[in-house]
Each structure stands twice: as structure tokens, then as C-alpha cells.
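Input: a single structure, listed below in C-alpha cells.
2 protein chains.
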Amino acid sequence: MDPHVATNIDKNMNRYIAAVELEKSPRLINHGPTVLVSARHGGVDDVMAAAWASALNYDPPRVTVVLDKDNRTRELVERSGRFVIQVPTVAQMQLTHAVGTRSLRADPAKLAKSGVTLFDMDGHDLPFVAGSAGWLACRVIPEPHNQDRYDLFIGEVIGAWSDTRVFRDGHWHFERADPSWRSLHYIAGGHFYAIGESFDVSETTTPGHAAS
Amino acid sequence: MDPHVATNIDKNMNRYIAAVELEKSPRLINHGPTVLVSARHGGVDDVMAAAWASALNYDPPRVTVVLDKDNRTRELVERSGRFVIQVPTVAQMQLTHAVGTRSLRADPAKLAKSGVTLFDMDGHDLPFVAGSAGWLACRVIPEPHNQDRYDLFIGEVIGAWSDTRVFRDGHWHFERADPSWRSLHYIAGGHFYAIGESFDVSETTTPGHAAS
Chain S
17 MDPHVATNID
27 KNMNRYIAAV
37 ELEKSPRLIN
47 HGPTVLVSAR
57 HGGVDDVMAA
67 AWASALNYDP
77 PRVTVVLDKD
87 NRTRELVERS
97 GRFVIQVPTV
107 AQMQLTHAVG
117 TRSLRADPAK
127 LAKSGVTLFD
137 MDGHDLPFVA
147 GSAGWLACRV
157 IPEPHNQDRY
167 DLFIGEVIGA
177 WSDTRVFRDG
187 HWHFERADPS
197 WRSLHYIAGG
207 HFYAIGESFD
217 VSETTTPGHA
227 AS
Chain C
17 MDPHVATNID
27 KNMNRYIAAV
37 ELEKSPRLIN
47 HGPTVLVSAR
57 HGGVDDVMAA
67 AWASALNYDP
77 PRVTVVLDKD
87 NRTRELVERS
97 GRFVIQVPTV
107 AQMQLTHAVG
117 TRSLRADPAK
127 LAKSGVTLFD
137 MDGHDLPFVA
147 GSAGWLACRV
157 IPEPHNQDRY
167 DLFIGEVIGA
177 WSDTRVFRDG
187 HWHFERADPS
197 WRSLHYIAGG
207 HFYAIGESFD
217 VSETTTPGHA
227 AS
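One line per chain: the protein sequences are S and C, in this order. If you read the first sequence in my numbering, its first letter stands for residue 17, the second for the next number, and so on. If you read the second sequence in my numbering, its first letter stands for residue 17, the second for the next number, and so on.
Structure (C-alpha cells):
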């Protein structure tokens with residue numbers, strides 16, 4: 017087993033991880049964060065970054081994600097029919113950029129060098145990235161035309177969890193968590209935004225620019 | 017013509033709108049904003065909100081968006097084969113929520129009541145929502161299986177523009193614009209986040225929670 021794979025996840029972290037209701041689990045990515053996609057096949061684990069992921073449906077819970085043909089992670093997804101989407105945090109920005117730019121084909125030590133610690137979830141033979149804010153374990157719904165023509169994969173969520181310090185009771189609580197827990201939203205060229213201020217629509221006033 | 021359709025857009029707004037290179041245009045939604053989807057067919061215009069939109073490809077520029085079967089906008093998209101994705105701002109939060117909850121079928125005055133002002137772009141017979149931060153005019157790439165089974169539409173970007181006060185030279189400049197220009201990221205129950213702080217990955221330190 018690779019030295020970076022910690023099967024006994026730090027107990028302090030573990031006690032904050034709780035299951036998310038499957039029917040609410042797409043909310044983990046409703047706000048459009050950049051995600052980490054991980055997969056396992058034949059004793060190989062890989063993790064990549066993906067800015068192009070989206071919820072697709074609540075019931076059954078489904079998501080889409082774009083996986084380039086170049087990526088080793090994609091090959092593991094195609095072979096295993098499973099993947100994990102995790103929501104990385106500002107504290108994981110360097111890690112997110114590293115797994116998004118390093119290749120496991122070129123560097124077998126990619127994950128260790130990128131600062132990735134993996135852990136297990138009972139009942140799922142999948143690699144989960146420690147320190148993330150949320151995790152969606154997914155089964156690929158095979159759509160060969162979408163996969164071949166568009167690099168577009170559809171997954172059904174078969175397990176979901178969050179770190180309750182930032183997502184609990186079916187809702188994000190970024191505004192009450194440390195800023196290092198905020199989700200990442202990638203643009204290009206190493207440039208990220210963190211998710212920001214929260215608003216409830218009932219508190220807003222009239223439409224803006226259009227009326228001004 | 018509907019009274020809310022302003023063909024002569026406010027000159028002060030118009031001078032800030034500039035074309036975006038098509039190959040960079042998916043960057044307008046890379047960071048996962050909630051978008052407004054608009055469409056026109058047979059003299060009818062409608063606008064809806066969609067949290068589930070994503071970039072799909074840069075060259076050719078393509079995007080995905082999930083359009084519920086309930087929506088009149090979807091019907092207009094299917095009939096015309098065209099739609100606009102626009103990136104609304106914090107100043108348009110009430111408008112975004114209003115077009116996302118009101119139905120044109122139930123209320124023919126939906127757009128006016130929601131505070132929507134539409135304008136034209138030369139060469140495109142499509143309704144554009146004034147006051148947004150960016151616009152992607154799209155042609156539907158027909159994929160009947162995706163549309164029927166998943167409510168998933170794929171569009172090729174055939175025109176792109178931004179308000180240069182917040183997106184110019186192929187990049188967002190939220191950090192240098194008024195906070196009312198920030199993009200919206202919807203969760204559920206009327207709860208939005210605005211995009212927040214900007215980071216360059218070179219400025220960050222070691223990976224966070226996983227290592228702490």
C-alpha cells in the first residue's frame with residue numbers, strides 16, 4: 017500500500033464526518049465549486065481536479081463531470097465504473113492545483129508529492145481525499161456517446177458525506193466556519209476564487225443594474 | 017412588442033459591453049455561477065434561472081445546462097434551437113430568484129414583474145437580459161437522449177460578451193469591481209452565496225486540513 021494512504025484516518029477528523037441524505041447530496045455542488053475526482057482500479061488510485069462538474073438531478077441524485085481523455089483518473093473511472101467527487105477547501109488550494117497539473121503517468125509519486133492523504137469509507141472500495149468539505153461516491157451511468165464525444169460522465173450518487181464543521185443539516189454554513197473551509201472556484205492560470213458572502217433573497221431589495 | 021423589451025439599451029450600459037473571444041468564453045462560467053437562461057420562439061420570450069450549468073469544452077466552446085420539462089423556457093429552446101446563458105450579479109439576486117420561481121405559463125407578465133429588461137445583440141435573434149455580467153449565445157447541439165432522459169442540453173457558444181467593468185481581457189475582475197457585480201451561487205431555499213476572495217495558487221502555502 018502506498019505510504020500516503022492512511023486507512024486509519026485521524027480520529028479527530030473522523031468524528032466530524034457525517035452522512036448526507038442522498039436526495040440532498042447534490043446540494044454539495046449546487047454552488048459550482050471546483051471538485052476533486054478520485055478513482056481506484058487494479059490497486060491504483062488517482063485524484064484529479066475538475067472545474068466542470070454539476071448537479072444533474074435530486075431524485076435519484078445524479079451529477080455530471082467532464083474528464084479529459086489524457087487523465088489517468090478517467091481510465092480508472094472507466095474501468096471501475098466508480099468515482100468520488102469531493103469538495104476541496106481554501107486550505108486545499110495548493111493540493112487542488114497540484115493534482116490538477118501533475119500526471120500520475122509521468123510521476124508515480126504524484127499523490128504524495130501533492131499532499132494528498134486518502135482514507136476509506138466503509139462499504140465503498142474507493143479512495144477519499146482527507147480534509148475535503150464533502151464527498152459524493154458515485155456509480156457511472158454508462159453513456160458511451162457522451163463519454164467519447166464530450167468527455168462527459170454521468171454519475172449516480174450512492175453515498176454522500178460532509179464535514180459537519182461546514183456542511184450540516186443539508187446546508188452549507190460557510191459564513192459560520194473558518195474561512196479556510198470555503199469552497200474553491202477555479203478560473204484559469206492558477207487563479208481561484210473562494211465562495212463569499214451569503215444572502216437570503218428575502219433580504220434583498222429591487223433588481224439592480226437593469227433598473228439603475 | 018412587450019413593454020419590457022428595450023431594443024434601445026441604455027447607452028451608458030452599452031458602451032461597457034464588449035465581445036469575448038469564443039475560445040475563452042467558457043471562462044465566464046468556469047467558477048460555477050448560477051445562470052439565467054433565456055430563449056425566444058414565435059414572438060415569445062422567457063427567462064429562467066439555472067444552478068446546474070457548466071462549461072464542457074473550450075475549442076469548440078461548449079456548455080451544458082439542465083432545463084426542467086416544466087419550464088416554458090425549455091420549450092422555446094427546443095423549438096428555436098437557440099438560447100442565451102447569462103451570468104447574473106448580486107444586484108440581480110431578486111430578479112434571479114423571481115424568474116426562477118415565477119412561471120410564464122401562469123403569469124404572462126412574469127418578465128416585467130420580475131424586473132427583467134431585455135435587449136438585442138446585432139446578428140442574434142435572442143433575448144439578452146440587461147444588467148448581467150456576461151452573455152453566451154448558444155446553438156443547441158441536438159442530443160435527444162440527453163434532453164429526454166436527463167433534461168440535459170448541450171450548447172455550442174456562437175457569440176459571447178461581457179460587461180468590461182467586471183470581466184475583461186479574458187478574466188474576471190471581481191476583486192476590483194463593486195461588490196454588487198459579484199456572481200451568484202444558489203444553494204436552496206432562497207439562499208445564495210456571492211463569489212468571494214481571489215487567490216493565486218502561488219501565494220498559498222502547504223495543503224491544509226489534511227496535513228493539520
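Ideal Cβ positions, reconstructed from N, Cα and C, are used throughout, including at glycine.
Proximity below 7 Å, CB of residue i to CB of residue j
i	j	result
Val79(S)	Ala66(S)	no
Cys154(C)	Val173(C)	yes
Val145(S)	Leu72(S)	no
Pro120(C)	Lys126(C)	Reading the sequence as shown, one finds Leu at residue 120(C) and not Pro. Yes, the Cβ-Cβ distance between Leu120(C) and Lys126(C) is below 7 Å.
Leu44(S)	Val100(S)	no
Met64(S)	Thr89(S)	yes
Ala149(C)	Leu38(C)	no
Leu10(C)	Gly131(C)	A question about residue 10(C) goes unanswered here, because the residues of chain C that appear run from 17 up to 228.
Gly206(C)	Asp86(S)	no
Ser70(C)	Trp68(S)	yes
Tyr209(S)	His187(C)	no
Ser178(C)	Val36(C)	yes
Thr180(S)	Tyr32(S)	yes
Pro76(S)	Ser41(S)	no
CB contact check: residue i to chain C, cutoff 7 Å
i	result
Met109(S)	yes
Ala34(S)	no
Phe208(S)	yes
Leu38(S)	no
Thr180(S)	no
Ala122(S)	no
Ala125(S)	no
Ala22(S)	For Ala22(S), the pLDDT reaches just 46, beneath the cut-off of 50, and the residue's location in the model is therefore unreliable, although a value from the coordinates is still provided. For Ala22(S), the answer is no, since every Cβ of chain C falls outside 7 Å of its Cβ.
Within chain C, the residues that residue i reaches when beta carbons sit closer than 8 Å
i	result
Arg43(S)	Ile203 and Ala204
Leu52(S)	Residues of chain C passing the Cβ test: none, with the nearest at roughly 11 Å.
Where residue i falls, given that 16 or more other Cβ within 10 Å makes a residue buried
i	result
Gly212(C)	buried
Ser54(S)	buried
Thr50(C)	buried
Pro124(C)	exposed
Ala107(S)	buried
Ser218(C)	exposed
Gln102(C)	buried
Arg56(S)	buried
Ala122(S)	exposed
Glu166(C)	For the record, residue 166(C) in the displayed sequence is Tyr; it is not Glu. Buried: at least 16 other Cβ atoms inside 10 Å.
Pro104(C)	buried
Thr221(C)	Residue placement at Thr221(C) is poorly supported in this model, since its pLDDT is 41, which falls under 50; the coordinates are not used for a value here.
Arg98(C)	buried
Glu159(S)	buried
Gly59(S)	exposed
Asp62(S)	buried
Asn162(C)	buried
Ala114(C)	buried
Within-7 Å CB hit, residue i to chain S
i	result
Ser96(C)	no
Val217(C)	yes
Leu72(C)	yes
His113(C)	yes
Trp177(C)	no
Ala8(C)	Residue 8(C) is absent from the structure shown; chain C starts at 17 and stops at 228.
Ala128(C)	no
Ala66(C)	no
Within chain S, the residues that residue i reaches when beta carbons sit closer than 9 Å
i	result
Gln151(C)	Before going further, note that residue 151(C) is Trp rather than Gln in the sequence given. Going along chain S, no residue has its Cβ under 9 Å from Trp151(C), so there is no contact; the nearest lies around 13 Å.
Phe190(C)	Tyr209 and Gly212
Ala69(C)	Gly48 and Ser70
Where residue i meets chain C, residues with beta-carbon distance less than 7 Å
i	result
Arg198(S)	Gly212
Gly48(S)	His47, Gly48, Pro49 and His201
The ligand SAH heavy atom lying under 6 Å from the CB of residue i
i	result
Arg192(C)	As for the ligand SAH, it is missing from this structure, which has no ligand bound.
Where residue i meets chain S, residues with beta-carbon distance less than 8 Å
i	result
Asn30(C)	The contacting residues do not exist; Asn30(C) stays about 13 Å from chain S at best.
Ile174(C)	Ordered by position in chain S, no residue passes the 8 Å Cβ test against Ile174(C), which lies about 17 Å from the chain.
Under 9 Å by beta carbon: chain C residues contacting residue i
i	result
His187(S)	Ile203, Ala204, Gly205 and His207
Taking Cβ-Cβ distances below 9 Å as the criterion, which residues of the stretch 76-92 of chain C are in contact with chain S? The residues in question are Arg78, Thr80, Val81 and Val82.
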